[in-house]
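Residue numbers (this note's numbering), protein chains in the order written: chain A, 5 to 285; chain B, 4 to 326.
Beta carbons are placed, not taken as given, at the ideal position from N, Cα and C, and that holds for glycine.
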Amino acid sequence: MSQANPVHSLANVAAAHSASKGDHHIAGTGIEAKNIHAWFGDKHVIDDVSIDFFPGTVTALIGPSGCGKSTFIRILNRMHEFIPTAAMAGEVLLEGKDIYQSGTDVTKIRLGIGMVFQKPNPFPSMTIKENVLSGLKLAQLKVSNQSELLESCLVRAGLWNEVKDRLNEYGGALSGGQQQRLCIARSLAVSPQVLLMDEPCSALDPGSTLRIEETIRELSASMTIIIVTHNMQQAARVSDRTGFFLSDGGPGRLIECSSTSEIFSNPKDKRTEDYVTGRFG
Amino acid sequence: MSTATSTLPPKREITTKPRFSDKVFRAVVTTGGFSSLVILGLISLFLLYNGLNVFRTEGLGFITGFDWIVPLPEEGLPAQYGIGAMLYGTVVIGLIALFFAFPISVGAALFLSYYAPDWLKKPMVLVIDVMAAIPSIVFGLWGFFVLMPHAEYWAKLIHKYLGFIPIFDMPANAFTRSPFIAGLVLAIMIIPIITSISREIFAQTPLDRIQAAYALGATKWSMIKSVVFPYGRGGVVGGAMLGLGRAIGETVAVYTVLNIVFDIRIEVLLSAGGSVASMIVNKFGEANPDELKALMASGFVLFLVTLLINFLANFIINRTARE
Numbered sequence: 005m006s007q008a009n010p011v012h013s014l015a016n017v018a019a020a021h022s023a024s025k026g027d028h029h030i031a032g033t034g035i036e037a038k039n040i041h042a043w044f045g046d047k048h049v050i051d052d053v054s055i056d057f058f059p060g061t062v063t064a065l066i067g068p069s070g071c072g073k074s075t076f077i078r079i080l081n082r083m084h085e086f087i088p089t090a091a092m093a094g095e096v097l098l099e100g101k102d103i104y105q106s107g108t109d110v111t112k113i114r115l116g117i118g119m120v121f122q123k124p125n126p127f128p129s130m131t132i133k134e135n136v137l138s139g140l141k142l143a144q145l146k147v148s149n150q151s152e153l154l155e156s157c158l159v160r161a162g163l164w165n166e167v168k169d170r171l172n173e174y175g176g177a178l179s180g181g182q183q184q185r186l187c188i189a190r191s192l193a194v195s196p197q198v199l200l201m202d203e204p205c206s207a208l209d210p211g212s213t214l215r216i217e218e219t220i221r222e223l224s225a226s227m228t229i230i231i232v233t234h235n236m237q238q239a240a241r242v243s244d245r246t247g248f249f250l251s252d253g254g255p256g257r258l259i260e261c262s263s264t265s266e267i268f269s270n271p272k273d274k275r276t277e278d279y280v281t282g283r284f285g
Numbered sequence: 004m005s006t007a008t009s010t011l012p013p014k015r016e017i018t019t020k021p022r023f024s025d026k027v028f029r030a031v032v033t034t035g036g037f038s039s040l041v042i043l044g045l046i047s048l049f050l051l052y053n054g055l056n057v058f059r060t061e062g063l064g065f066i067t068g069f070d071w072i073v074p075l076p077e078e079g080l081p082a083q084y085g086i087g088a089m090l091y092g093t094v095v096i097g098l099i100a101l102f103f104a105f106p107i108s109v110g111a112a113l114f115l116s117y118y119a120p121d122w123l124k125k126p127m128v129l130v131i132d133v134m135a136a137i138p139s140i141v142f143g144l145w146g147f148f149v150l151m152p153h154a155e156y157w158a159k160l161i162h163k164y165l166g167f168i169p170i171f172d173m174p175a176n177a178f179t180r181s182p183f184i185a186g187l188v189l190a191i192m193i194i195p196i197i198t199s200i201s202r203e204i205f206a207q208t209p210l211d212r213i214q215a216a217y218a219l220g221a222t223k224w225s226m227i228k229s230v231v232f233p234y235g236r237g238g239v240v241g242g243a244m245l246g247l248g249r250a251i252g253e254t255v256a257v258y259t260v261l262n263i264v265f266d267i268r269i270e271v272l273l274s275a276g277g278s279v280a281s282m283i284v285n286k287f288g289e290a291n292p293d294e295l296k297a298l299m300a301s302g303f304v305l306f307l308v309t310l311l312i313n314f315l316a317n318f319i320i321n322r323t324a325r326e
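If you want it as structure tokens, here you go:
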């Protein structure tokens with residue numbers, strides 16, 4: 005990424021980024037959403053969305069508020085069902101298996117598909133160290149070398165240097181950006197194959213945002229990342245592929261999904277072009 | 004902020020001219036707000052005024068002593084008043100009540116917050132709230148006629164198998180109207196308050212923390228352990244203390260199922276216990292003017308104890324709610 009250059013247009017950023025990336029090593033497991041519909045009560049909010057998220061890529065989901073991006077991403081790790089009236093249809097395939105299949109242990113699914121939320125939400129009653137390792141306790145996992153895991157997760161989340169001397173302080177004492185990276189580290193500790201990020205930077209300052217974007221780029225070497233963002237520059241900077249969601253007052257639909265450079269430079273749909281060039285939304 | 008200029012302007016008073024209707028309303032709510040303080044103050048003054056003489060003559064012995072001797076007028080002996088045994092008994096039955104009520108209440112609150120299906124939640128909350136509204140004499144009568152025969156049997160079992168523990172020892176064959184049974188009746192009476200406070204605190208657990216736990220692959224139980232309990236701990240403890248406060252002040256129900264004896268005994272299954280509130284009811288009808296003052300003094304002590312517990316409970320709950 006060429007951060008030093010002024011950003012002239014999103015298309016340039018996306019193209020430069022794709023070029024620099026080239027064919028990097030592909031790792032992680034893909035996840036595929038097939039014909040997803042979602043409802044809240046009687047309200048149909050997502051209409052027939054299918055996306056194949058390739059292993060080791062970062063996919064950004066963009067679109068105006070209320071187009072169903074967050075609902076969609078929450079379907080991918082079965083957080084959708086916590087809303088009392090929520091319903092869905094379609095399939096989500098992880099390693100070829102439908103995560104909604106009856107008889108599935110949902111806690112195992114969520115171990116494989118981590119999530120970072122919009123608002124940093126470390127556990128305030130736990131120290132930094134306990135926060136990172138909380139997933140092990142919550143999912144009742146045993147790990148032989150905890151301190152090694154602790155360090156590697158914090159290093160990968162780009163937080164190690166800032167907190168290595170204060171691991172026993174409470175997580176709430178960190179800044180917002182650090183808290184969010186702590187939450188990323190926490191997700192990494194249970195080694196998910198897929199990481200979902202629901203507007204992870206919308207509550208953060210630009211410096212912290214940049215820091216987290218670097219983290220995302222580094223993590224994409226080892227896992228599949230799906231990030232919902234309102235910030236098109238961010239989508240252009242961090243993602244390999246971009247999906248554009250839109251609702252015309254009815255349920256949200258996927259207008260198009262392809263490589264990020266294509267979405268920003270040569271979108272197939274007029275509505276995508278209008279959105280990424282800032283004509284609405 | 005301020006520059007080198009030494010003459011800062013004086014701070015202005017910021018005022019507004021209230022309307023007449025506003026003034027009237029203000030007067031009404033101010034009266035309402037202060038009335039409870041005034042009533043509370045007057046009651047405690049009344050009790051203190053009447054009991055002052057007893058405190059003077061008995062001194063600290065009123066709290067620590069455990070004799071309540073009211074000589075006949077012709078004997079010409081000095082009276083002796085000490086409520087130590089009653090205070091001890093009050094605490095004992097309060098703790099027994101808490102021992103049974105606390106786990107049941109926390110369990111019920113957890114069930115209502117995280118396990119109960121929606122159609123069951125509302126009716127159950129209603130039932131629990133209604134439980135809090137049942138007159139205490141009803142609990143007393145139920146305790147006496149329904150619970151006691153069963154509890155007597157349980158007490159015998161406890162004595163048989165755990166009798167080697169001093170508190171379950173039994174010097175006489177008298178299992179009815181014991182602190183154990185009074186504690187059981189009280190437990191049922193304080194379940195609603197502990198349940199509803201715990202439930203409210205649990206319901207305030209921030210959703211983002213709950214979701215964070217689930218997103219990390221938590222089971223429901225591990226989520227509750229790691230997120231709900233740490234968040235609600237203070238509130239639940241505060242709720243338990245409010246329950247204890249109620250148990251300590253409870254009068255009629257305990258009076259019905261407890262044999263009041265002026266003695267400090269550690270055997271909780273024995274038909275001999277104490278309770279300041281019930282003791283007052285017990286003695287009130289036949290008390291001579293002098294003894295009446297001693298009862299007022301007892302009331303004052305009880306009042307202080309419950310006030311203290313309630314203050315402490317509210318303090319803990321509020322501190323949790325702000326976190």
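Query raised in the report: Could you give the uninterrupted runs of the beta strand (DSSP E) lying entirely in the region 65–123 of chain A, keeping only those of 3 residues or more?
Result: 90–98 and 117–120
Requested in this report: Would you check if the region 169–179 of chain B and the region 114–129 of chain B touch, i.e. whether three or more CB-CB distances between them fall below 8 Å?
Outcome: no
**Report entry** Anticipated Cβ contact below 8 Å, B/LEU245 with B/ILE204, distance rounded
**Finding:** Taking the second sequence and counting its residues from 1, the one referred to as residue 245 of chain B is at position 242. Taking the second sequence and counting its residues from 1, the one referred to as residue 204 of chain B is at position 201. Contact doesn't hold; Cβ gap of about 12 Å is too wide.
Query raised in the report: Over what stretch of residues does the beta strand (DSSP E) that includes B/ASP132 continue unbroken?
Result: The residue you call residue 132 of chain B lines up with position 129 of the second sequence. Careful: B/ASP132 lies outside any beta strand (DSSP E), inside the alpha helix (DSSP H) at 121–136.
Query raised in the report: If A/VAL120 and A/CYS187 are in contact, beta carbons under 8 Å, what's the gap, nearest whole angstrom?
Result: Residue numbering aside, residue 120 of chain A sits at position 116 when the first sequence is read from its first letter. Residue numbering aside, residue 187 of chain A sits at position 183 when the first sequence is read from its first letter. Contact between A/VAL120 and A/CYS187 holds: their C-beta atoms lie close to 5 Å from each other, under 8 Å.
Query - A/THR228, buried or exposed, once every other Cβ within 10 Å from all chains shown has been counted against 16 - result: By one-based count along the first sequence, residue 228 of chain A stands at place 224. The residue in question, A/THR228, is buried, as its Cβ has 16 or more Cβ neighbours within 10 Å.
Query raised in the report: Is there contact here, the region 245–264 of chain B with the region 57–75 of chain B, by at least three beta-carbon pairs under 8 Å?
Result: no
Query raised in the report: In terms of residue numbering, what span does the beta strand (DSSP E) encompassing A/SER156 cover?
Result: For the purposes of this step, residue 156 of chain A is taken as residue 152 along the first sequence, with counting starting at 1. Here A/SER156 belongs to no beta strand (DSSP E); instead the alpha helix (DSSP H) covers 150–160.
Query - Sequence-distant residues of the same chain with beta carbon closer than 6 Å to B/ASN313, five excluded per side - result: Within the second sequence, numbered from 1, the residue matching residue 313 of chain B stands at position 310. Answer for B/ASN313: GLY248, listed in chain order.
Query raised in the report: Are the region 77–96 of chain A and the region 264–272 of chain A in contact at 8 Å, needing three or more beta carbon pairs?
Result: no
Query - Contact belief for B/GLY68 with B/GLY87 at Cβ below 8 Å, rounded distance in angstroms - result: As a working note, residue 68 of chain B is residue 65 in the second sequence. As a working note, residue 87 of chain B is residue 84 in the second sequence. Their Cβ separation, rounded to whole angstroms, is 5 Å, which keeps B/GLY68 and B/GLY87 in contact under 8 Å.
Query raised in the report: Taking 7 Å as the CB-CB cut-off, is A/THR281 touching chain B?
Result: Position 277 of the first sequence, counted from the first residue, corresponds to residue 281 of chain A. Closer than 7 Å: no.
**Report entry** Straight-line gap, B/VAL130 to B/LYS14 (C-alpha atoms, nearest Å)
**Finding:** As a first step, residue 130 of chain B is located in the second sequence; it is residue number 127 there, counting from the start. As a first step, residue 14 of chain B is located in the second sequence; it is residue number 11 there, counting from the start. For B/VAL130 and B/LYS14, the distance between alpha carbons rounds to 57 Å.
Query raised in the report: Would a C-beta distance cut-off of 7 Å place B/ALA215 and A/ASN125 closer than the cut-off?
Result: Residue 215 of chain B sits at position 212 when you count from the first residue of the second sequence. Residue 125 of chain A sits at position 121 when you count from the first residue of the first sequence. Yes, these two residues count as a Cβ contact at 7 Å.
Query raised in the report: Between B/GLY241 and B/ALA316, is the Cβ-Cβ spacing less than 7 Å?
Result: Position 238 of the second sequence holds residue 241 of chain B. Position 313 of the second sequence holds residue 316 of chain B. Their beta carbons are under 7 Å apart, which means B/GLY241 touches B/ALA316 by this criterion.
Query raised in the report: Comparing the C-beta of A/ARG160 with each C-beta of chain B, is any distance below 7 Å?
Result: The residue given as residue 160 of chain A occupies position 156 in the first sequence. It does not: the Cβ of A/ARG160 has no partner Cβ on chain B nearer than 7 Å.
Requested in this report: Tell me, please, whether the CB atom of A/THR111 is closer than 7 Å to any CB atom in chain B?
Outcome: For the purposes of this step, residue 111 of chain A is identified with residue 107 of the first sequence, where counting begins at 1. Yes, contact with chain B.
**Report entry** For A/LEU199: DSSP bridge partner residues
**Finding:** The residue given as residue 199 of chain A occupies position 195 in the first sequence. According to DSSP, which records beta bridges pairwise, A/LEU199 is partnered with A/GLY118 and A/ILE229.
Requested in this report: Report yes or no: is there a C-beta of chain B within less than 7 Å of the C-beta of A/MET92?
Outcome: Stepping through the first sequence from its first residue, residue 92 of chain A is reached at position 88. Chain B contact via Cβ: absent.
Query raised in the report: From what residue to what residue does the alpha helix (DSSP H) around B/GLY92 run?
Result: Position 89 of the second sequence, counted from the first residue, corresponds to residue 92 of chain B. Counting along the chain, the alpha helix (DSSP H) containing B/GLY92 begins and ends at 87–113.
Report task. Could you confirm whether any beta carbon from chain E is found closer than 7 Å to the beta carbon of B/LEU219? Result -> Judged by its chain identifiers, the structure shown contains no chain E, and its protein chains are A and B.
Query raised in the report: Under the three-state reduction of DSSP, which class applies to B/GLU78: helix, strand or coil?
Result: The residue you call residue 78 of chain B lines up with position 75 of the second sequence. Correct three-state label for B/GLU78: helix.
Query - Nearest-angstrom Cα separation, counted from B/ILE267 out to B/ARG59 - result: The residue given as residue 59 of chain B occupies position 56 in the second sequence. The residue given as residue 267 of chain B occupies position 264 in the second sequence. Approximately 24 Å between the Cα atoms of the pair.
Query raised in the report: Between the Cα of A/ALA240 and the Cα atoms of A/VAL62, A/LEU200 and A/ILE40, which residue gives the shortest distance?
Result: Position 236 of the first sequence, counted from the first residue, corresponds to residue 240 of chain A. The shortest C-alpha to C-alpha distance from A/ALA240 to any of A/VAL62, A/LEU200 and A/ILE40 is the one to A/VAL62.
**Report entry** Any chain A beta carbon closer than 7 Å to B/PRO120
**Finding:** The sequence position of residue 120 of chain B within the second sequence is 117, counting from 1. Judged by the 7 Å Cβ criterion, B/PRO120 is not in contact with chain A.
Report task. Count the other CB atoms, across all protein chains shown, that sit within 10 Å of the CB of A/GLN182; report buried if there are 16 or more and exposed otherwise. Result -> Position 178 of the first sequence, counted from the start, is the residue given in the question as residue 182 of chain A. It is buried - the Cβ of A/GLN182 has at least 16 other Cβ atoms within 10 Å.
Report task. With DSSP as the reference, label B/LEU165 as helix, strand or coil. Result -> For the purposes of this step, residue 165 of chain B is identified with residue 162 of the second sequence, where counting begins at 1. Of the three classes helix, strand and coil, the one that applies to B/LEU165 here is helix, per DSSP.
Requested in this report: Could you tell me the boundaries of the alpha helix (DSSP H) in which A/ASP56 lies?
Outcome: For this step, residue 56 of chain A is matched to residue 52 along the first sequence. Where A/ASP56 is concerned, there is no enclosing alpha helix (DSSP H), although the beta strand (DSSP E) it sits in stretches over 47–57.
Query raised in the report: Is there contact between the region 177–186 of chain B and the region 269–283 of chain B, where contact requires at least three CB pairs shorter than 8 Å?
Result: yes
Query raised in the report: Within the chosen definition, does the region 277–288 of chain B reach the region 204–213 of chain B through at least 3 CB pairs nearer than 8 Å?
Result: no
Report task. Return yes when at least one heavy atom of the ligand FMN lies under 6 Å from the C-beta of B/LEU43, else no. Result -> As presented, the structure is devoid of all ligands, the ligand FMN included, so that no description of it is given.
Query raised in the report: Looking only at C-alpha atoms, which of A/ALA225, A/SER179 and A/ARG114 sits nearest to A/ASP209?
Result: Reading the first sequence from its first residue, position 205 is the one you call residue 209 of chain A. Minimum Cα distance to A/ASP209 is reached at A/SER179.
**Report entry** Cβ-Cβ separation, A/ILE50 to A/ALA42 (assumed contact under 8 Å), whole Å
**Finding:** Reading the first sequence from its first residue, position 38 is the one you call residue 42 of chain A. Reading the first sequence from its first residue, position 46 is the one you call residue 50 of chain A. With 8 Å as the limit, A/ALA42 and A/ILE50 qualify as a contact, their Cβ atoms being about 4 Å apart.
**Report entry** As assigned by DSSP and simplified to three states, the class of B/LEU315
**Finding:** Looking up residue 315 of chain B in the second sequence gives position 312. Correct three-state label for B/LEU315: helix.
Query raised in the report: Of all the residues that make up the region 74–88 of chain A, which are near chain B by a beta-carbon distance shorter than 8 Å?
Result: ASN81, MET83, PHE86 and PRO88
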